[in-house]
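Comments concern the structure below.
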Amino acid sequence: MNPENSTIDDLISSDREIMESFISEAKEHLHTIEDDFLLLEQQADNPEKELLNKVFRAIHSVKGAAGFLGLENMTRLSHVMEALLTMMREGEILPESEFIDALLGGTDILTIMLDDVNHSDNIDITKVYDRLTTLLGRQLAPKSADSPSSSSSPPSNEQPEPVTVFEPSQATEDAFEIQQIDDQPTSQAKKQKNEKANSVPETANTEKLLGNTVRIHVNLLDELMTMAGELVLARNQLMRTIEKMDPHVRTVAQRLDAITSELQETIILTRMQPIGKIFGKFPRIIRNISKRLGKKIHLIINGSKAEVDKTILESLADPMTHIIRNCCDHGIEQPYDRINAGKPESGEIVLSAFHEAGRVNIEVRDDGRGIDIEMIRLKALQKGLKTEAELNRMDKHEIIRLILIPGFTTVDAISDVSGRGVGMDVVKTGIEKLGGSLDIKSVRGKGTSIQLRMPLTLAIIPSLIVSSGDAKYALPQANIVEMVCLYDEDIKNCIECADDQEVFRLRDRLLPIVRLDEVLAHPNPFTRDVRAGITEKYRQKYEEINFEDTYNEDNYDEITQSLSFAVLNTSAGRFGLIIDHITGAEEIVVKPMHSAVKSLPIYSGATIMGDGNVALILDVEGIARHAGVIRNGRIDTVIPLPESSQEKKNLQTVLLFKSGPHEHFAIALPLIRRVVPIKIADIEQIGKRRYITIDDLSTLVLSMDQVLNVSSAVDQEDMYLILPRHIKRPVGLLISELVDITETAIQLNVQSYIEDGLLGTDIINNNMTLFIDIYHIVEIAEPEWFAERRIGLFGTPEPPPESTRQVLLLEDASFFRHLIKGYLEADGYQVTAVENGQLGLKCLEKNEFDLIVSDLEMPVMNGWEFMRNVRRGIRQPKIPAIALTSLDTEKDRVQTMECGYDCYEVKMDREQFLTSVAHILKKT
Amino acid sequence: MIIKTKEQSESPKRQFCTFTICDRLFGVDILDVKEVNPRVDCAPIYHAPPEIRGYINIRGQIYLILDLRIILGFEPASASDMIGKQRIILFKSIVDESFGIIVDRINDVITIEIDKIENRSSESATEKQLPSNRIGHRSSDLSDGIAKLDDRLLVILNPHTLLRIASAPITSAKSPLPKSGTLKTTNA
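Note that the protein sequences, when read in sequence, are chains A and B. Per the numbering used here, the first sequence starts with residue 2, numbered consecutively. Per the numbering used here, the second sequence starts with residue 461, numbered consecutively.
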């Protein structure tokens, strides 16, 4: 058809470059018009003029180029397509489904031919061609005479086309097809082609982009990348060799140095491509599938401009296609079913992509039937993938994730769309190989959402930029599970102390909390003391902040305080890292640490941020190790809740004081009624005893050295007297110095040092502190005071040795457990002490007891529940029981008695309690 | 010695980039120096020994900056009296992995004939110039020699050893400079 055909044939064989650029360009055209056809179909009634023109131009370009290259079949086919489009443009026909189908068919064949251009003329196009031609002929409009009905007429048809008006404007960029249209000498075309080498300008679908973008072959980009790397190496070598040379050369070399770095970074950027590139093909896929399955599916695409590294983009195409197919096949129901379910007839698939925290999130959401969890369970059982027991232990989310197991499909019949059971697992592996993750959410009857989180590139890591003090740090996103932000009172209330470690209760786990500031401030790995110091420091700090105060009328709604921490994942487990301030997310290029500081475990590298400052990249694992939250190779995060509340309860407020110059003493605050300052001069000596008048009562003064083997009280004018609670006779303990009142997790040690009158010892503020048993001290000093009770109860001042009674004691706070046990044992009872109701029940199963003494508020199983269980139980349902509690309201009393307790005692009146115990036991 | 014969003046010379630390004059061979930069805003590296001031980005490359005052055993500079005068000297990559030092003030480039440089044999002179009780390394490790200028001494530092000293184990580097107060010079 073209007089120059022969020369062009030669040209094809000799110059593959032109052919290649033709192919890629034509493919690009075809690729974009597919969407446009579909769009046109939707606008059937009133097609957008501009869109029609665009499609037309695309086909026209293909036709032109094909003709130029002498590709007979392609020219013919594109010509009829063009003719049909012309009619559409003229408004003679509307882009109805029938036409669009034919045009799409044409596009398909064109694409096939493009894949093997050299043999394109051997492909049978008659079917599609005839279909298109028939459609052309079917038109009744008067202009139909003009419309070409065969391939013989294209030249005549080309002349009046307004497109040629468009084309010249593109001419500079798009020499290729214009030359064909203008019938210019091919030699010039070739020349221009050669000048442009591989970089054929993009006749992009949007005119705006014209002139701004250039098409580059990927191989070329890859080569550039490699070469840039080598350039860096060469530069380094050069820098070494020219060290001693002329300063002028060195200046040039330094410039070279800087430029090379920039070049390398820019080349990385060239690999970024909009995700729309793969989204673009889905409308067609959905259209095809929905037709075949007889479903109506509407596709919505959001955020196709989000950019991703080319490698990742390419590898996403297959998994994404699979997901889309699944949505159509498994997800969206038949129109009939949808109407029955009260949904719109046509299903909706929403495809969205957005950048978030340095990653690209892709979501495919449908409003279909959702995933049938029961069905998955059933299938999993049938296929023997999981046992019944295993399935029972799995939650909904985990069951859904079973569809990611190889060989899993829920569709009974294998269709050509999906159901072969290979798929989701391949999708998952593919995604994970790229460093991404896949998550499925589904609500039965409402729809399914599949979320992919992909890294933007593999060379740059997305990070959270945080600041501490004057410096900024990068926290790799890959390590971050979530961010938690606490406001106002929550800061005080939600950060708790477990032993020496701050913890946060995140859902059902206890998360150890590490403070970045403190980690940075302590160059040596945390010791127990350091950790305890930090914990205490912040506890006090929070105590001081009165959050109520910061409210006033003006800023009532404002958040006055906030605290953020990142939940970080390490191979050992999770922990929280408290961060001063979050600056934002940034993608960073990792640079290794300087070898002089490489040994610092808390950093994994450094990076230059957008503002030119250097930020250190934090090594999450190293921080965890430094802060000592990794113990025995793992982080204990799954500390069950009960234990934690016990830990909390174990905190006991104690008064720290001194008597003699050496020893440190402590007494639990609840056991103290008052502390009064006294003057030594006011103490009166009566016989061996000393008294002082307090509140008009002659109060017996006891000093520590009287009863304990400790240094005698310091001789000073001003002293203090501790007046204990629950002792009927007036008595006071003489001390020399009040040290502090502190809350501490008491772990009483009875091994290192014990003496009659002491409960045990513990280390407080690095001092060995003696915990005194104030009742016992009084008893040692004045045995007859207590003898009355014993005589009253037992008939002798000494506990009856023969009648040892078994007492089961339930008390969660170890301090009280110890204390009460001591009281009971002093009266000759055998005591078995446990921490909660559950353990109490276990004890009851194994042993026989005479009495239960139980605290009410306990973890795991509280005292009420425990008692109900005891009373319902088989073993000893009638056993007497005393509730011993700090709760002291009428309501508590009633409730407690209703549960089956025989007696209610308030902590901690020793005499009263022991009397009750004796009375109850007497009754039985 | 003062009267230069033709022969003497032709003896090989070295050029030194000189700078001041605590009012004492030091120098490094100019061939080791890549550049002098007025930026001193380093990003601190916590946990690093005190000799390490931090990282700085100079045109896309990260340099580790050492505090020469601390390496030499002087008192760390207080921020207020150094404003605007401090400079960083960056060394070339042949010296060691990209690093630089922070100095109080930069002085002239001085040309000295090689035979005027008293080498390490005269260690006592070096010791006089430097606080000698610095734990962990001797000043002679740092110095290449001493040159007598007209009015003062120039201690020539060897940048090749600096990094090794700075990255010495924390234990030795960590100990504070015990007599730093007494070392503070009134005025040279």
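Idealized CB from N, CA, C, for every residue including glycine.
Identify the residues that DSSP records as bridge partners of Glu349/A: which are they? His299/A
Please decide whether Lys538/A counts as near chain B, where near means a Cβ-Cβ distance under 7 Å. no
Between the Cα of Ala475/A and the Cα atoms of Ile481/A, Pro602/A, Leu465/A, which residue gives the shortest distance? Leu465/A
Relative to chain B, which residues along the region 595 to 625 of chain A have a C-beta separation below 9 Å, given in chain order? His595, Ser596, Ala597, Val598, Lys599, Ser600, Leu601, Pro602, Ile603, Tyr604, Ala607, Thr608, Ile609, Met610, Gly613, Asn614, Val615, Ala616, Leu617
Start and end residues, beta strand (DSSP E) containing Lys494/B: 493 to 497
Distance, Val779/A Cα to Val751/A Cα: 20 Å
Determine the direct distance from the alpha carbon of His523/A to that of Ala533/A, and round the result to whole angstroms. 13 Å
Is the Cβ of Ala254/A closer than 7 Å to any Cβ of chain B? no
Residues in the same chain with beta-carbon distance under 7 Å from Asp131/A, minus the five sequence neighbours each way, listed in chain order, please. none
Can you give the Cα-Cα distance for Ala714/A and Tyr539/A, rounded to whole angstroms? 35 Å
By the DSSP assignment, the alpha helix (DSSP H) with Lys55/A in it spans what residues? 50 to 70
Could you check where the alpha helix (DSSP H) with Gly841/A kicks off and where it finishes? 838 to 847
Is any beta-carbon of chain A found at less than 7 Å from that of Gln475/B? no
In whole angstroms, give me the CA-to-CA distance for Glu836/A and Ser596/A. 53 Å
Limits of the alpha helix (DSSP H) - the one that Gly487/B falls within: Unbroken run through Gly487/B is the beta strand (DSSP E), 484 to 489; no alpha helix (DSSP H).
Is the CB of Thr478/B under 7 Å away from at least one CB in chain A? no
Leu578/A versus Thr536/A - alpha carbon distance: 14 Å
Proximity to Tyr721/A [Cα-Cα], best of Val702/A, Gln541/A, Pro671/A: Val702/A
Listing by chain order, which chain A residues have their CB less than 8 Å from the CB of Leu524/B? His595, Ala597, Val598
On the three-state DSSP scale, how would you describe His582/A? strand
Check whether the region 302 to 313 of chain A touches the region 341 to 361 of chain A, taking contact to mean three or more Cβ pairs, one atom from each stretch, closer than 8 Å. yes
Quick one: grab the DSSP three-state call for Asn870/A. helix
According to DSSP, what are the bridge partners of Leu810/A? Ala834/A, Val854/A
Taking Gly448/A and Asp368/A to be in contact with their CB atoms under 8 Å, please state how far apart those CB atoms are, rounded to whole angstroms. 4 Å
Curious, which full-length alpha helix (DSSP H) runs of at least 4 residues does the region 600 to 632 of chain A contain? 621 to 627
Partners in chain A for Asn618/B, counting only beta-carbon separations shorter than 9 Å: Result: empty, since nearest Cβ-Cβ is about 16 Å, beyond 9 Å.
Whole-angstrom Cβ separation of Ile618/A and Val590/A, contact assumed at under 8 Å? Contact doesn't hold; Cβ gap of about 10 Å is too wide.
Whole-angstrom Cβ separation of Tyr905/A and Met868/A, contact assumed at under 8 Å? Not quite, the Cβ-Cβ distance comes to about 12 Å (not below 8 Å), so this is no contact.
Can you find the residues in the same chain that come closer than 8 Å, C-beta to C-beta, to Ile101/A, ignoring five residues on each side of it along the sequence? Phe38, Leu39, Leu41, Glu42
Segment limits, beta strand (DSSP E) that includes Asp109/A: No beta strand (DSSP E) holds Asp109/A; the alpha helix (DSSP H) holding it covers 98 to 116.
Is there a Cβ of chain B sitting closer than 7 Å to that of Leu257/A, yes or no? no
Close Cβ partners of Ala669/A (< 6 Å) along its chain, the five nearest in sequence each way excluded: Gln653, Val655
Under 6 Å from any heavy atom of the ligand FAD, does the C-beta of Ala573/A make it? Ligands in the displayed structure: none, and consequently the ligand FAD is not present.
Quick check on Cys477/B: buried or exposed, where buried means 16 or more other Cβ atoms within 10 Å of its Cβ? buried
Between Glu578/B and chain A, is the shortest Cβ-Cβ distance under 7 Å, so that the two count as touching? no
I'd like to know if the region 622 to 631 of chain A and the region 506 to 516 of chain A are in contact, where contact means that at least 3 CB-CB pairs between them fall below 8 Å. yes
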